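**Q** The sequence shown begins at 28 in the numbering used here and counts up one residue at a time.
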Amino acid sequence: MIDFNFKDSYNIDDLVEIVKILRSPGGCAWDMEQTHSSIRMDFIEEVYEAVEAIDNNDSELLREELGDVLLQVVFHTQIEREKGTFDLDDVCDEVCKKMIVRHPHVFGEVSVSGTGDILNNWEAIKQETKGQTTFTETLESVAVSLPALLRAQKVGKRASKSGMDFPDACEAIKNIHGEVDELSEAAASGDMNRTADELGDVLFSCVNAARKLGLNSEECLTAATEKFIKRFAAVESAVRSQGRKMENCSLEELDSIWNNIKHTI
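Here's what the structure looks like:
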């Protein structure tokens, strides 16, 4: 058995030591084989599970899921520690300095009149510290790895600071209609590349409308998907109550049941 100090209660230092042991000779063969790339999706999945715990207002589950997220942070840091590039102290040092610099109204002499000033200062300081001198650079810095709707909304928000934006939600919604017309034309032409391009424009225009309405497009689509699942389940239940199967029903029959259910769900 490996030399380890078992305790009734552990802290962050113990987690760092456990991961170090797992990655060391005599540790765990699986853990030793992992790279940043191999556990990339694990990191993403753990964050989403933590978000689900937040959405469900489940504090006990959130505690567990935040632990899993923290494990990912420590694991990725350990990989770099083995290379001699940085350790967890370096990670903490950098984020602490960042928070101090970006909160001059707390750690400095800057005065603010509300959260609007705070957010504007945050973005201005962020742009300055990252050496971004153009609006385009701020758009390009939005992570490509973000979910597409989330990235699109963030890009649109940053682009709006240049003054290049719809004047209001009505104009943004009007733009959706124009993009849908172009999509219909592209689909009718049979050109799949053009159709894909126009479909992307429709989706982006919907994100812009959400942004101008003060809504989060990612959350809107999540809610719509959940609503679809509930309505679909109700349709299937109604069909099964008749002793039938959905695949044996006509589209007209299913649409009729759907239209009746959508008024209640």
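Glycine included, each C-beta is placed from N, C-alpha and C at the ideal position. Predicted, not measured: the structure shown is a model, and the values here were computed from it.
Just the Cα atoms here: how many angstroms apart are V229 and F113?
**A** Going by the C-alpha atoms only, they are around 44 Å apart.
**Q** Identify, in the order they occur along the chain, each residue of the same chain with its Cβ nearer than 8 Å to the Cβ of K181, setting aside the five sequence neighbours on each side.
**A** V169, L173, listed in sequence order.
**Q** Which same chain residues end up closer than 8 Å to V262 when comparing Cβ atoms and leaving out the 5 residues on each side of it in sequence?
**A** The answer, listed in chain order, is M273, L281, I284, W285, I288.
**Q** Put L154 into one of helix, strand or coil per three-state DSSP.
**A** For the record, residue 154 in the displayed sequence is Gln; it is not Leu. Reduced to three states, the DSSP call for Q154 is helix.
**Q** If you follow the alpha helix (DSSP H) that M126 is in, where does it begin and where does it stop?
**A** 115-128 is the span of the alpha helix (DSSP H), which, as asked, contains M126.
**Q** Expressed to the nearest angstrom, what Euclidean distance is found between the alpha-carbon atoms of E91 and D30?
**A** For E91 and D30, the distance between alpha carbons rounds to 26 Å.
**Q** Indicate the three-state DSSP secondary structure (helix, strand or coil) for C197 in the structure shown.
**A** It is helical.
**Q** Flag this pair as touching only if the segment 201-219 and the segment 98-105 have three or more C-beta atom pairs under 8 Å; answer yes or no.
**A** As far as the Cβ criterion goes, the segment 201-219 does not touch the segment 98-105, which means the pair count is below three.
**Q** Which same chain residues end up closer than 6 Å to F162 when comparing Cβ atoms and leaving out the 5 residues on each side of it in sequence?
**A** Contacts found: S189.
**Q** Can you tell me where the alpha helix (DSSP H) holding H63 begins and where it ends?
**A** Unbroken run through H63: none, as it is neither H nor E.
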